[in-house]
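Here's the structure we're looking at; comments come further down.
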Amino acid sequence: MSQQDITAQRYESGKPKLRRYHQARWDEPIIFELSRPGQRGVLVPEVEPEIKEQVGDAFSALPDKMRRKQPPALPEVSQVHVLRHYLRLSQENLGAGLVSDLGMATSTMKYNPPINEQLARSPKVTELHPLQDEETVQGILEAIYRFEQILQEISGMARFSFQPRAGSQAIYTNVSILRAYHASRGEAEPRNEMIATLFAHPSDAACPSTAGYKVITLYPEESGYPSLEALKAAVSERTAGLFITNPDDTGIFNPLIDEFVKVVHNAGGLCAYDQANANGLLGIARAAEAGFDLCHFNLHKTFSTPHGSGGPGAGASGVTEELARFLPVPTVEFDRQRYYLDYDRPDSIGKIAPFYGVVPNILKAYAWVMGLGAEGLREAAQVAVLNNNYLLKQMLEIPGISAPYAEGKRRIEQVRYSTEQLTQETGVSSLDFALRAADFGAHGFLSHHPFVVPEPLTLEPTESYSQADLDEYAAIWARIAQEARTHPEGVKTAPHNAPIHQITDHDSFEDPACWAMTWRAFRRKAQDDHGQ
Amino acid sequence: MAHTPENVVYPYIPNSVPAIKQQMLREVNAKSIEDLYVEIPERLRLKREMNLPAPFLSEYALRRHVEGLLANNVTVQEYTSFLGAGCYQHYVPAVCDEVNQRNEFLTAYSGRTYEDHGRFQALFEYASMMGELLNMDVVNLPTYDGYQATATSLRMSARITGRQEALVCQPVSADKVSKILDYGKPDMQIRLVGYDKKTGQLDVAALKAAISDKTAVIYLDNPSYFGCIETQGDEVAQLAHQHGALCVVGVDPISLGVLTPPIEYGADIVCGDIQALGMHMQYGGGHAGFIATRDEERFVMEYPNRLVGIAPTVVPGEYGFGEVAFERTSFIKREGGKEWLGTMANLWGITAGVYLALLGPHGMAEIGEGIMARVQYAMNKLAKIKGVQVPGFQSPHFKEFVVNFDGAGKTVREINKALLARGIFGGQDLSQEFPELGNSALYCVTEVHTKADIDMLVGALRKVVEA
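Sequence order for the protein chains is E and B.
Here the first sequence stands for residues 1 to 532, numbered as in my numbering.
Here the second sequence stands for residues 533 to 999, numbered as in my numbering.
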């Protein structure tokens with residue numbers, strides 16, 4: 001058979017067929033099963049004989065009760081087998097570099113350029129102690145200072161802190177700042193209510209609640225966002241503030257956002273803008289123009305730092321000039337000669353986290369912006385929005401899939417779809433579909449809870465995906481929607497091509513007698529079972 | 533502002549090719565990109581280009597720029613550092629970095645247990661190995677850092693006991709106290725309890741005077757912020773339990789190859805930071821926190837974090853994983869969940885797992901023994917310098933110790949400047965943080981320090997102090 005024939009067989013009606021995908025399946029043992037007594041993964045630096053001789057018994061001052069009796073029962077594994085084990089596990093994992101990760105929506109999965117990673121992994125970053133003399137860290141302080149200036153321009157806010165180690169901690173930071181503001185006016189006690197919206201990250205409700213606030217949640221109307229009237233009914237002299245996203249996780253932009261802010265301001269509250277969904281707005285619309293008092297960005301979303309299998313991310317809390325005095329300590333300042341850390345901020349809320357935040361990620365985000373510039377950032381935003389509306393059109397062409405709310409209107413950077421009709425017709429749920437999508441190397445995020453959109457599916461095709469990527473993703477969903485009509489059982493028993501098969505025993509996660517969060521607990525409970 | 537050339541194609545933005553954009557716009561019935569933003573009113577728009585620095589469009593130019601900035605840093609490889617105080621220079625085995633820079637781990641996020649099986653297994657194994665180190669059955673997926681782990685442990689204790697008062701045994705770093713105070717608002721009362729000025733050990737008599745039936749928890753760091761190994765943990769735990777309170781211990785996990793795990797002297801919750809287990813310091817960017825408890829429902833249900841459990845699949849002998857008791861979290865219950873859940877620090881958890889797998893039981897014991905010996909050597913040597921008092925406290929020490937310079941006639945700041953000129957980062961200045969210690973600094977010695985490093989410090993200090 002000629003080369004040309006093979007190629008032709010990969011296409012149908014001029015379009016590429018879906019790839020015949022199978023993920024790595026190593027059936028890898030738990031690392032404790034790899035243990036062989038005596039094997040070593042790494043040797044530790046030896047204590048020199050002179051030290052030993054001089055010190056004698058280094059434990060002589062330690063009471064016997066504080067000396068560990070049994071060594072920890074860690075696995076004993078040779079180095080090559082540790083490496084091989086983790087390489088295999090890495091293959092059983094879908095990173096955004098490996099797959100088109102637009103199905104991991106609300107998370108802004110974009111390309112994480114290796115150049116930024118290499119720069120942040122330079123010894124000039126990794127081998128810095130946070131308490132070194134400022135003279136010896138002028139480079140990293142300058143990068144942090146410059147990135148703060150960049151975020152000031154992108155948002156229109158006066159100052160930022162990068163101390164929060166991810167987005168939710170940034171929300172909490174903003175709650176603390178908001179509380180400090182009201183306390184400074186003697187209003188901390190009476191203002192004990194916070195308003196949040198439903199189509200936002202759960203932390204916009206959970207962080208205020210953790211800080212002791214009663215949370216009032218506004219539900220969306222037909223438009224996709226809450227009504228101004230509902231907000232007016234919710235505010236009072238008890239209102240401390242509003243935590244809101246825009247666009248919401250539906251990708252629908254609330255055009256009345258500045259009116260919302262005014263209503264809260266008129267009631268004496270402050271407004272915090274969760275900019276987790278900022279990716280479509282860079283250079284287009286900012287927190288300042290809408291009147292916000294606080295905002296936060298996730299550097300691991302909008303600013304391209306990798307998600308690290310669930311962190312570390314990095315959060316950036318931004319505030320107006322009026323609130324800057326409450327920011328966590330220290331801030332990074334510049335006196336036109338040198339960069340320095342300013343701890344002399346008596347009104348500060350104090351520390352949110354150790355030191356200055358996830359510094360390598362601040363540097364990666366800085367490098368990302370410096371590789372694009374103002375026009376490049378706007379291009380990223382515009383292409384993200386174009387990609388989203390392009391995918392929207394294709395997804396809506398699949399019978400049974402809809403995009404509830406604001407029908408016919410343009411979406412910004414993501415869309416929350418519904419398979420409700422398809423589910424009714426086939427009995428296959430959106431979760432089943434998402435599990436089947438794994439058989440094609442795709443993630444599919446449904447929704448945060450509660451599922452107000454029935455049978456939800458949320459997709460966020462950032463600027464990082466090509467037209468072909470979008471076509472392929474839509475084709476996967478067209479295929480599995482078709483499968484649901486012809487052989488639904490195959491979809492419901494998915495995944496078939498993933499590293500493992502369906503877990504059926506969900507007691508293992510809910511029943512205290514069964515659950516096992518460590519290998520030792522698992523072995524103990526398994527043996528108890530055998531004993532009975 | 534330098535101008536970006538017209539119609540530049542951005543390597544990170546595949547569809548920035550003008551012809552592709554035009555074709556896609558036609559597909560969505562839009563004349564221009566502006567048509568897609570029709571829902572955003574004019575009054576909310578930024579009506580100008582952002583005023584940002586000119587970009588470095590080529591990767592080479594970008595590298596030159598950023599490396600140029602970073603060249604102004606001096607690292608602990610170039611100088612010799614004796615700084616600790618919450619961030620530690622330990623050796624990071626090469627395999628740790630090899631694994632955590634794998635793009636599959638680095639760029640993944642929160643996929644399901646099926647297609648992200650490897651992430652789940654690596655994190656379950658991390659928790660399992662931490663469980664062996666701590667001798668405990670439940671360990672969470674990493675929270676942000678050790679401060680957050682402590683603050684959440686105190687909140688968990690308050691929920692478990694239905695009480696709101698925390699007794700925090702000094703010495704604890706002022707920054708950690710600041711975090712705890714902020715996180716305890718508005719309901720928790722955080723009371724600091726003093727320490728014995730001679731031994732640096734916690735003050736049991738003061739604790740007895742302070743504890744009541746309002747106390748939810750007694751918290752101590754072991755080793756303490758001053759590096760003292762606390763030897764009265766058993767008495768403290770007993771005292772807490774007698775009053776219906778819990779005992780929470782913050783521990784440095786790298787000490788546990790040689791020191792007794794806190795659960796064995798009665799701790800109910802054990803927490804801390806895993807930066808020492810395979811994370812570079814990264815100017816304070818390498819932190820992640822752990823919280824461990826016994827496998828009891830009343831503890832498990834109060835965690836705000838992810839807990840990964842192991843379970844069978846439909847295929848006999850196949851391991852699967854999933855989220856345990858996820859209903860407790862804010863992801864399901866929003867404001868009704870336990871605190872909150874979000875992106876935290878899983879990559880560092882995976883890395884700490886690699887570290888513990890590499891070190892194994894013998895490595896963890898040897899690293900602890902080596903630190904104990906080097907610390908003792910350093911203290912013995914420094915004690916011989918006139919005007920220098922070492923250690924500040926009569927206690928066994930791990931990794932850190934207080935050096936007092938009251939007799940030296942120079943401030944720590946002056947001494948550290950002089951050391952810096954000799955290529956040494958001296959210990960963290962405690963004179964503001966703990967004024968009662970006078971002119972003191974906190975020195976840190978780990979397995980990375982050779983005899984020559986320590987001797988160099990001693991020689992330099994002698995010159996600086998005795999000059």
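We treat Cβ as the ideally placed atom computed from N, Cα and C, and that holds for glycine.
The structure displayed is predicted, hence computed values, not measured ones.
E:Glu33 has a beta carbon lying at 7 angstroms or more from every beta carbon in chain B.
Check the Cα spacing between E:Ala468 and each of E:Ala8, E:Arg19 and E:Asp5: the tightest is with E:Arg19.
B:Tyr909 has a beta carbon lying within less than 7 angstroms of a beta carbon in chain E. Among the residues of chain E, none has a CB under 8 angstroms from the CB of B:Asn539; the nearest is roughly 11 angstroms distant. The C-alpha of E:Leu242 lies about 10 angstroms from the C-alpha of E:Val215. One finds Thr536, Leu584, Ala586 and Pro587 in chain B with Cβ atoms closer than 7 angstroms to the Cβ of E:Gly373, taken in chain order.
Rounded to the nearest whole angstrom, the C-alpha separation of B:Arg595 and E:Thr458 is 36 angstroms. Here E:Ile6 is exposed: its Cβ has fewer than 16 other Cβ atoms, across all protein chains shown, within 10 Å. The beta carbon of B:Val781 sits closer than 7 angstroms to the beta carbons of Leu752, Asn754, Gly765, Pro794, Ala799 and Val802 from its chain, once the five residues preceding and following it are set aside; these are given in chain order.
Taking all protein chains in view, the Cβ of E:Gln275 is crowded by 16 or more other Cβ atoms within 10 Å, so the residue is classified as buried. Excluding its 5 nearest sequence neighbours in each direction, B:Met833 has C-beta neighbours in its own chain below 7 angstroms: Ala857 and Arg860, listed in chain order. From the listed residues B:Ile722, B:Val700 and B:Glu850, the smallest Cα separation to B:Asp735 is found for B:Val700. The beta carbon of B:Gln702 sits closer than 7 angstroms to those of Leu724, Val725, Gly726 and Tyr727, all from its chain and outside the five residues before and after it, given in chain order. 7 angstroms or more divides the Cβ of B:Asn547 from the Cβ of E:Val99. Neighbours of E:Cys207 in chain B, taken as residues whose beta carbon is under 7 angstroms from its own, are Trp872 in chain order. Under the Cβ criterion (8 angstroms, minimum of three pairs), the stretch 26-36 of chain E counts as touching the stretch 79-99 of chain E.
When secondary structure is reduced to three states using DSSP, B:Leu615 falls in the coil class, being assigned neither helix nor strand. CA-CA distance, B:Ala897 to B:Met662, rounds to 15 angstroms. If you look at B:Val736, you'll find it in the alpha helix (DSSP H) that goes Val736 to Ala742.
For the 7 angstroms CB-CB criterion, E:Met517 and B:Gly841 form a contact. Only residues of its own chain outside the window of five on either side were considered, and among them Val670, Met688, Ile692, Asp800, Ile801 and Thr825 have a CB closer than 8 angstroms to the CB of B:Phe831, listed in chain order. Taking the C-beta atoms as reference points, E:Thr250 is found no nearer than 7 angstroms to E:Leu218. For E:Met194, the enclosing beta strand (DSSP E) covers residues Glu193 to Thr197. DSSP places E:Pro456 inside the beta strand (DSSP E), whose first and last residues are Pro456 to Leu459.
For B:Lys983, the chain E residues whose C-beta falls within less than 7 angstroms of its own C-beta are Glu48, Glu50 and Ile51, listed in chain order. In this structure, DSSP gives E:Lys214 an extended state, which the three-state scheme calls strand. A buried status is given to E:Ser168, since no fewer than 16 other beta-carbon atoms sit within 10 Å of its beta-carbon. Nearest CB-CB separation between B:Pro928 and chain E: below the 7 angstroms threshold. Taking 7 angstroms as the cut-off, the beta carbon of E:Gly224 is found closer than this to the beta carbon of E:Ile252. Annotation: the stretch 377-410 of chain E contains no complete segment of the beta strand (DSSP E) (minimum length 3 residues). Of the residues assessed, B:Gly869 falls on the buried side of the cut-off, its CB having 16 or more other CB atoms within 10 angstroms.
Per DSSP, reduced to three states, the secondary structure at E:Thr136 is helical. At a cut-off of 7 angstroms between beta carbons, B:Thr607 contacts chain E.
As the crow flies, the alpha-carbon of B:Pro573 is around 18 angstroms from that of E:Tyr273.
Under the Cβ distance rule, E:Gln54 counts among the residues neighbouring chain B, one pair being separated by less than 7 angstroms.
The C-alpha of E:Ser203 is placed about 30 angstroms away from the C-alpha of E:Thr423.
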